[in-house]
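Remarks on the structure that follows.
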Amino acid sequence: MVERRISALLASLAVLLVCAVLWDAFGGVRVRRPAPRAPSADDTAAAAHRPGPLSETTAVQAARLPAPAPPGASVAPSNLSYAELLARSEMRRRIRASAGLTYLNEVVAATGDSMLHRWDDRLHRPVRVYLATGTAANFQPAFLGAVRDAFQRWQEAGVPVRWDLAADSAAAEVRFKWKVQFEEERTGQTDLTWDQDGHLQTAIVTLATFDPKGHPLGPDEVRVIALHEIGHLIGLDHSSDTTDIMYPVTKVRDLSLRDIQTAVLLYDLAPGSIR
20 MVERRISALL ASLAVLLVCA VLWDAFGGVR VRRPAPRAPS ADDTAAAAHR
70 PGPLSETTAV QAARLPAPAP PGASVAPSNL SYAELLARSE MRRRIRASAG
120 LTYLNEVVAA TGDSMLHRWD DRLHRPVRVY LATGTAANFQ PAFLGAVRDA
170 FQRWQEAGVP VRWDLAADSA AAEVRFKWKV QFEEERTGQT DLTWDQDGHL
220 QTAIVTLATF DPKGHPLGPD EVRVIALHEI GHLIGLDHSS DTTDIMYPVT
270 KVRDLSLRDI QTAVLLYDLA PGSIR
């Protein structure tokens with residue numbers, strides 16, 4: 020009897036021992052990780068070119084937004100052909116290269132729309148100009164001759180535009196007007212219109228017969244004022260150099276070499292945007 024109990028106990032212990040071995044082998048699953056290794060050169064190169072983590076929102080924005088342009092770079096419309104982009108790039112290069120010889124870079128900066136504004140193909144089709152006689156105090160018939168001389172001076176400078184100075188009021192594209200005095204510190208004003216491609220279309224040029232201090236102007240002073248305003252009329256803006264006729268407060272009495280070279284370069288380039 021006792022022997023039977025001992026045998027049963029030993030059998031039970033043997034079963035428990037077998038179960039323990041089986042549990043250790045299959046029941047308790049342990050994750051084995053490979054031993055760490057030093058990174059290779061390939062791993063370093065891959066990490067250098069691997070993008071960092073993006074949140075979902077950032078990833079969507081990165082997919083939708085174009086890459087930002089470098090500071091100072093001009094952004095060209097996406098609908099331009101390669102030839103148009105190349106032509107505009109060449110225009111920008113020529114304007115930059117002319118710095119010091121011309122002030123066309125200042126003219127473009129003053130436009131606010133990065134466009135060149137000028138009359139187009141007007142050698143064989145002169146711009147029609149109406150020179151009105153004035154009723155303002157101190158108006159003199161000699162003022163009309165002074166304005167004609169100013170047009171002639173710009174034409175002699177090589178600007179490829181011809182002017183019909185005998186046009187009547189109804190057909191004119193450019194109209195000259197006279198007033199006694201401006202409220203601001205000026206003696207002339209030019210108002211231009213142009214189309215979406217930068218082609219000048221119409222203009223009104225207003226000249227004073229008295230300076231801002233109330234002094235009456237003479238024909239030669241009107242000629243100088245007209246030189247400045249015709250500069251605007253052909254598409255120029257102000258220069259920062261006091262020796263140019265296009266300086267905001269005219270200090271000289273004739274066109275400078277920079278005035279001439281700026282106008283010639285303007286008409287050597289296509290009108291419209293340079294972006």
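The letter at position 60 of the sequence shown is residue 79 when you use my numbering, and the numbering goes up by one with no holes.
A virtual CB, placed ideally from N, CA and C, is assigned to each residue, including glycine.
> Which of helix, strand or coil does DSSP assign to residue 225?
Replying inline: Locating residue 225 in the sequence shown gives position 206, counting from the first residue. DSSP places residue 225 in strand when its eight states are reduced to three.
>> Going by DSSP in three states, residue 265 sits in which element: helix, strand or coil?
In response: Here residue 265 refers to the residue found at position 246 when the sequence shown is read from its first residue. Assignment of residue 265 by DSSP, reduced to helix, strand and coil, places it in the coil class.
>> Which of the three DSSP states is assigned to residue 197 in this structure?
In response: Looking up residue 197 in the sequence shown gives position 178. If DSSP states are grouped into helix, strand and coil, residue 197 belongs with the strands.
> Using the C-alpha atoms, what's the distance from residue 124 back to residue 114?
Replying inline: Counted from its first residue, the sequence shown places residue 114 at position 95. Counted from its first residue, the sequence shown places residue 124 at position 105. Using only the alpha carbons, I get a separation of about 6 Å.
> Is residue 241 closer than 8 Å to residue 162 when the C-beta atoms are compared?
Replying inline: On the sequence shown, position 143 is the one that residue 162 refers to. On the sequence shown, position 222 is the one that residue 241 refers to. For residue 162 and residue 241, yes; Cβs fall inside 8 Å.
> Do you know offhand how far residue 18's Cα is from residue 260's?
Replying inline: For residue 18 there is no data in the structure shown, the boundaries of the chain being 20 and 294.
> Using CA coordinates, which residue listed in 256, 277, 102, 252 is at the minimum distance from residue 180?
Replying inline: As a first step, residue 180 is located in the sequence shown; it is residue number 161 there, counting from the start. Nearest option by C-alpha distance: 252.
> Skipping 5 residues on each side, what residues in its chain have a beta carbon closer than 8 Å to that of residue 183?
Replying inline: Translated into positions along the sequence shown, residue 183 becomes position 164. The residues are 145, 146, 147, 148.
> For the segment 110 to 168, which segments carrying the alpha helix (DSSP H) assignment without a break, of at least 4 residues, lie completely within its bounds, in sequence order?
Replying inline: 123 to 130
> Exposed or buried, residue 17, counting other C-beta atoms within 10 Å across all chains shown (16 or more means buried)?
Replying inline: Nothing about residue 17 can be read from this structure; the chain reaches only from 20 to 294.
>> According to DSSP, simplified to helix, strand and coil, what is residue 208?
In response: Here residue 208 is taken as the residue at index 189 of the sequence shown, counted from 1. Note: residue 208 maps to strand in three-state DSSP.
>> Report the CB separation of residue 121 from residue 284 in whole angstroms; it is logged as a contact under 8 Å.
In response: In the sequence shown, counting from the first residue as 1, residue 121 sits at position 102. In the sequence shown, counting from the first residue as 1, residue 284 sits at position 265. The beta-carbon separation of residue 121 and residue 284, rounded to 5 Å, stays under the 8 Å limit for a contact.
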